[in-house]
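Residue numbers (full-length UniProt numbering): 1 to 374.
Right, dumping it as structure tokens:
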């Protein structure tokens with residue numbers, strides 16, 4: 001009895017194994033499929049970068065003196081013409097007042113000489129004074145006029161110099177650096193000395209990503225290329241940008257050489273600041289609305305480019321004519337049509353699959369499994 005039970009168990013086991021093997025064989029190789037679609041094919045150059053402002057102004061003084069007042073702090077927003085700092089203008093103000101006083105005296109003298117000339121002109125026309133007396137009055141008026149003009153010029157110069165002790169913002173922006181303290185002496189720049197920089201103002205209306213592009217890829221980048229920019233401080237946002245400057249001056253760090261590429265960030269928010277780091281993908285080649293397949297779907301069989309299309313539960317090798325090869329997709333010019341189910345994975349399956357082999361598949365990007373062998 002026990003012997004019969006053992007034999008029966010073995011037979012049932014063998015039958016089960018055969019059934020499982022048959023089912024596995026009939027279900028075919030499991031693959032991942034994606035339908036051929038139209039879309040964008042592009043090539044990119046990726047590079048790290050740092051946010052900079054092309055409109056950053058270092059504020060210095062045109063005159064020497066003691067800094068008596070700072071009106072701004074780092075982080076303050078200023079408008080063009082806003083007061084930033086003031087130097088001790090005691091001497092300059094005294095010179096201005098002196099120039100004004102001298103102008104007033106010269107103006108009074110001019111008015112007097114003018115009246116005297118008018119009076120003597122009438123007398124001369126009536127023949128009551130000599131020509132010499134008339135000419136002397138005319139000369140005195142001209143001298144007074146010239147003195148008045150010089151005095152007026154001195155007032156303007158004194159006022160211009162006085163105004164230089166009051167420092168105003170030349171642009172609208174944010175105060176990004178304050179480099180001096182009240183009470184410090186400020187000097188002007190010379191050929192050998194840049195002078196005292198009081199503070200730095202950055203115009204935040206335009207911000208750039210300055211990307212360090214590797215020397216091997218810099219020939220691919222052109223002015224006008226678009227870019228997708230990621231900034232570490234904004235992990236969930238991608239900013240668009242446009243390349244507008246490619247410098248010819250390399251940067252060397254150890255064994256690598258890169259070239260700075262300036263990319264204008266389009267519509268930057270107010271909370272992007274110089275010094276922030278990030279990465280950018282510069283689109284150096286792009287085609288839109290083309291028939292495309294994922295790059296991993298393209299295979300070579302017998303020196304022919306092609307793809308495996310699923311037909312009636314089988315993988316059918318289909319030769320194709322490829323166009324532009326991008327980072328993730330390949331343009332297909334001939335061989336497949338929109339909607340064809342193309343095998344895109346797994347990698348091992350694509351590498352080993354044979355023409356006519358039975359398959360079961362699931363749709364690309366995590367879609368549900370579908371058995372096509374019913």
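In this text, a Cβ means the ideal position worked out from N, Cα and C, and glycines have one as well.
**Prompt:** Hey, quick one: how far does the beta strand (DSSP E) through residue 69 stretch, first residue to last?
**Reply:** 65-70
**Item:** residue 60 and residue 266 closer than 8 angstroms at C-beta
**Value:** no
**Item:** Residue range of the unbroken alpha helix (DSSP H) whose run includes residue 161
**Value:** 131-163
**Message:** With H, G and I counted as helix, E and B as strand and the rest as coil, what does DSSP make of residue 299?
**Reply:** strand
**Request:** Would you identify the three-state DSSP class for residue 118, choosing helix, strand or coil?
**Result:** helix
**Prompt:** Which residues in the same chain as residue 137 place their Cβ atom closer than 6 angstroms to its Cβ, once the five residues preceding and following it in sequence are excluded?
**Reply:** 116, 117 and 120
**Item:** residue 356 - DSSP class collapsed to helix/strand/coil
**Value:** It is coil, neither helix nor strand.
**Request:** Check each candidate in 214, 28 and 273 and name the one with the smallest Cα separation from residue 255.
**Result:** 214
**Asked** At a cut-off of 7 angstroms, is residue 325 close to the ligand SAH when judged by its beta-carbon and the heavy atoms of the ligand?
**Response** Only the bare structure without any ligand can be found here, which leaves the ligand SAH out of the picture.
**Prompt:** How big is the Cα-Cα spacing for residue 131 and residue 139?
**Reply:** 12 angstroms
**Asked** Would you report the Cα separation of residue 305 and residue 44, rounded to the nearest angstrom?
**Response** 24 angstroms
**Prompt:** Using DSSP with H/G/I as helix, E/B as strand and the rest coil, what is residue 233?
**Reply:** coil
**Message:** Whether or not the region 225-236 and the region 171-178 are in contact is what I'm after, with contact meaning three or more pairs of Cβ atoms, one per stretch, closer than 8 angstroms; do they touch?
**Reply:** At 8 angstroms Cβ cutoff, the stretches do not touch.
**Message:** With the cut-off set at 8 angstroms, would you say residue 103 and residue 144 are in Cβ contact?
**Reply:** no
**Message:** In the DSSP output, which residue or residues are listed as bridge partners for residue 288?
**Reply:** Residue pairing for residue 288: DSSP places it in no beta bridge.
**Message:** Let me make sure I understand the geometry here. Which of 203, 75, 201 and 221 has the alpha-carbon closest to that of residue 281?
**Reply:** Residue 281 has its Cα closest to that of 221, out of 203, 75, 201 and 221.
**Message:** How far does the beta strand (DSSP E) with residue 43 in it extend, from its first residue to its last?
**Reply:** 37-52
**Message:** On the CB-based measure, 16 or more other CB atoms within 10 Å of its CB, does residue 268 come out buried or exposed?
**Reply:** buried
**Request:** Spell out the partners DSSP gives residue 245 in its beta bridges.
**Result:** 262
**Prompt:** Is it buried or exposed for residue 38, if we count other Cβ within 10 angstroms and need 16 for buried?
**Reply:** exposed
**Item:** Beta-bridge partners of residue 277, as assigned by DSSP
**Value:** 50
**Message:** Helix, strand or coil, according to DSSP, for residue 252 in the structure here?
**Reply:** Three-state DSSP puts residue 252 in a strand.
**Prompt:** Between the region 94-103 and the region 66-79, do three or more beta carbon pairs fall short of 8 angstroms?
**Reply:** no
**Request:** Going by CA-CA distance only, name the one from 148, 262 and 65 that's closest to residue 183.
**Result:** The residue from 148, 262 and 65 with its alpha-carbon nearest to that of residue 183 is 65.
**Item:** Three or more C-beta pairs below 8 angstroms linking the region 306-324 and the region 237-245
**Value:** no
**Item:** Inter-residue Cα distance where the pair is residue 391 and residue 297
**Value:** As displayed, the chain neither begins before 1 nor continues past 374, which places residue 391 out of reach and without an answer.
**Prompt:** Using DSSP with H/G/I as helix, E/B as strand and the rest coil, what is residue 60?
**Reply:** The answer is strand: DSSP assigns residue 60 an E or B state.
**Request:** Please classify residue 126: does DSSP put it in a helix, a strand, or coil?
**Result:** coil
**Message:** I'd like to check one pair, residue 208 with residue 48: are the Cβ atoms closer than 8 angstroms?
**Reply:** no
**Request:** Just the C-alpha distance for residue 88 and residue 193, rounded to the nearest angstrom, thanks.
**Result:** 22 angstroms
**Message:** Whole angstroms are fine: how far does the CA of residue 71 sit from the CA of residue 178?
**Reply:** 11 angstroms
**Message:** Using DSSP's beta-bridge definition, name the partner residues of residue 168.
**Reply:** 83
**Beta-carbon proximity list for residue 235, same chain, < 8 angstroms, skipping 5 on both sides** = none
**Other residues of its chain near residue 344: CB distance less than 7 angstroms, five sequence neighbours each side excluded** = 32, 33, 34, 294, 296, 297 and 364
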